[in-house]
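Report on one structure; see the data block that follows.
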Amino acid sequence: MEEGAGAETEPLLPPAPAGRVRASGLLYSGGDGSGPRDDDVFCGGFAASLSCPIPDDPNLSICPPAVLDVVAENQFAWFHPTTSSFVVYPELTVISLNVAVTAGNDLYFTQAVIFIEDAIQYRSINHRVDSNSLWLYRWYYSDVCQRILIAAITLILALAFIEIPSSLTITSDVRYRAKAWEPPCGLTESIELLCFLIFIADVSIKSYLIGWEEFQKTKWLMAYILVLIVSLIDWTVSLSLSCNETLRIRRILRPFFLLQNSSMMKKTLKCINRTLPEIASVMLLLALHLFLFTMFGMLLFARTKKSLQSSLLRRRLGIRAAFEVLCALKETSVNKNVLRVQPEALLQVLKKVKLDSYFKEAIIGKLESCPPGGLSVAQFQMLFDELDKHRVKERPPRPDYESPFLRRVQFLFDHHYFGYIGNVIVLANICCVCVALVTDADKPPTMRDDYFLGVINCFFILYYLLEMLLKILALGLKRYLSYPSNIYDGLLTVVLMVSIVE
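The opening residue of the sequence shown carries number 0 in numbering that gives the first Met the number 0; numbering runs sequentially from there.
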């Protein structure tokens with residue numbers, strides 16, 4: 000958008016002249032530079048359309064759409080399907096894309112909704128944009144479908160706790176530990192099959208939405224299919240041997256389902272992959288330590304400059320694409336030479352977008368304050384700058400006591416020094432437990448005296464209970480529950496009280 004004012008004077012989806020038709024098809028974007036991309040014309044802004052001549056013979060088909068993508072930072076590759084040549088344009092900060100907008104106003108609104116949702120979630124626009132595919136795409140990313148997928152991943156990973164051999168027992172005390180429960184053959188296998196069916200549906204929908212050409216460039220989806228095939232073969236072998244096999248390969252592959260569904264883990268793996276060659280010459284033990292600490296560092300600082308630029312570029316691309324399709328509406332055409340979006344059209348789109356109510360209200364409020372006459376591309380982009388602002392959470396007010404004594408109590412136990420005292424008590428509790436365990440370490444379980452440890456636990460649990468009650472008195476129940484740390488402390492105190500009573 001810094002390339003000049005051409006983004007507002009030249010429409011990215013202009014009406015096709017006589018004898019020419021705008022090419023339609025898949026819409027691609029991304030920043031990993033994998034594979035060639037295609038096109039030959041740039042237009043100021045984030046999107047451009049490709050048109051090609053159509054012969055007089057109506058039976059001949061139009062040329063295929065052109066696709067553009069990032070091959071390096073500030074570099075874009077464009078493939079022209081007619082000349083079969085690649086061109087790399089350096090030092091550009093624009094993205095051109097081909098938006099298929101040949102349907103009615105409903106398709107424009109649906110495309111704008113999908114693009115804005117992609118921008119909000121930092122998703123690449125590498126999917127189909129026809130009406131049926133957009134419906135399937137939005138259904139796939141609905142809360143219900145994503146929760147089913149997350150539940151399937153959680154369930155298949157949790158099977159390790161009950162499958163044979165399992166060490167899951169009610170207590171870790173060797174004196175009272177019972178034999179682990181062994182599920183019958185076919186129980187865990189049935190659960191696995193249900194999860195596999197969900198994963199097969201997941202990879203099928205993803206593959207269909209991005210198309211065959213993009214699927215060939217997506218290594219994660221290919222690996223996804225390979226892992227599913229190997230797991231199903233191993234599952235079949237397990238049933239044929241009546242669950243008596245000594246090796247189950249599919250157990251090793253289960254973490255891949257979690258890795259494949261998490262973009263943050265994928266970025267972490269890429270960062271680790273870039274770091275490993277630098278420490279390959281170090282000794283094996285030192286390499287192991289560096290690998291672990293590098294992994295933790297990448298988890299903490301995963302949003303490097305490059306990944307941050309890629310995420311912001313995807314967001315701006317989705318917002319600009321939504322602006323373009325809204326400009327194609329007939330009722331929004333204010334001036335043929337100036338691109339404008341009417342606030343009423345954007346308001347209809349925002350009502351359909353899945354977005355946190357806080358940000359949606361902020362964008363709508365900012366939209367209502369815009370001057371009449373339509374929104375320019377700069378004004379349209381500034382509306383969605385609200386997504387980058389942090390949400391300020393307002394906590395419930397403290398209770399207002401009339402008694403001077405209660406006000407003093409409230410002042411004392413709402414002070415941060417009271418929290419410091421609680422941390423010191425927790426540290427003392429840990430030290431006492433460690434001393435008791437070290438003292439009885441050399442004694443057999445039948446000779447240990449748990450009286451001292453039980454008295455210490457009772458004392459500290461009573462203090463935690465008193466601390467929780469005093470904080471509720473000082474803060475009020477609603478304000479007390481508004482802090483996640485207080486919820487954790489309260490639940491832990493209740494669990495400790497139940498364990499003492501039992």
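Ideal Cβ positions, reconstructed from N, Cα and C, are used throughout, including at glycine.
Apart from sequence neighbours up to five positions away, the residues of its chain that approach ARG447 with a beta-carbon distance below 7 Å are ASP439, ordered along the chain. Looking at the backbone, the Cα of PHE195 and that of SER141 are separated by about 20 Å. For VAL432, the secondary structure class from DSSP, reduced to helix, strand or coil, is helix. For the pair GLY489 and ARG397, the CB atoms are not nearer than the 7 Å cut-off. Look at the beta carbons and you see the stretch 179-198 not touching the stretch 283-292: under three pairs across the two are nearer than 8 Å.
Our two residues, TRP134 and GLN110, have alpha carbons roughly 10 Å apart in a direct line. Cβ contact annotation for LEU106 (same chain, cutoff 6 Å, sequence separation greater than five): SER130, in chain order. Residue state for LEU374 is assigned as strand, using DSSP reduced to three classes. When DSSP states are grouped into helix, strand and coil, VAL408 belongs to the helix group. The C-beta distance from VAL352 to ILE115 rounds to 5 Å, short enough to meet the 8 Å contact threshold. The shortest C-alpha to C-alpha distance from CYS433 to any of LEU452, ASP387 and THR445 is the one to LEU452.
In the structure shown, the three-state DSSP call for VAL352 is coil. In this structure, DSSP gives VAL229 a helical state, which the three-state scheme calls helix. For the stretch 204-289, the full-length alpha helix (DSSP H) segments reaching 4 residues or more read 218-239, 248-252, 254-259 and 262-274 along the chain. Counting along the chain, GLN110 sits inside the alpha helix (DSSP H) bounded by residues 104-119. Comparing C-alpha distances from PHE459 to each of ILE471, ASP441 and VAL493 shows the shortest one belongs to VAL493. The Cβ neighbour count for GLN259, taken over all protein chains shown within 10 Å, is at least 16; the residue is labelled buried. CA-CA distance, ASP387 to ARG146, rounds to 26 Å. With contacts defined by Cβ atoms closer than 7 Å, VAL348 and VAL112 form a contacting pair. The three-state reading of DSSP puts VAL128 in coil, since its state is none of H, G, I, E or B. Counting of Cβ neighbours within 10 angstroms places SER498 among the exposed residues, the total staying below 16.
Below 8 Å, enough C-beta pairs join the stretch 211-226 and the stretch 245-261 to call them touching: three or more. Three or more Cβ pairs closer than 8 Å define a contact, and the stretch 229-242 meets that threshold against the stretch 181-190. Going by beta carbons, GLU213 and ASN125 fall inside the 7 Å limit.
Following the DSSP letters along the chain, one finds ASP142 inside the alpha helix (DSSP H) bounded by residues 142-157. Within 10 angstroms of the beta-carbon of CYS457 lie fewer than 16 other beta-carbons, which makes it exposed. A residue is called buried once 16 or more other Cβ atoms fall within 10 Å of its Cβ, and ILE163, having fewer, is exposed.
Residues of the same chain with a CB within less than 6 Å of the CB of TYR139, apart from the 5 flanking positions on each side, are ILE204 in chain order.
DSSP places ARG478 in the uninterrupted alpha helix (DSSP H) bounded by 476-480. A straight-line Cα-Cα distance of about 39 Å links LYS350 and ALA157. Listed as beta-bridge partners of VAL340 by DSSP are LEU374.
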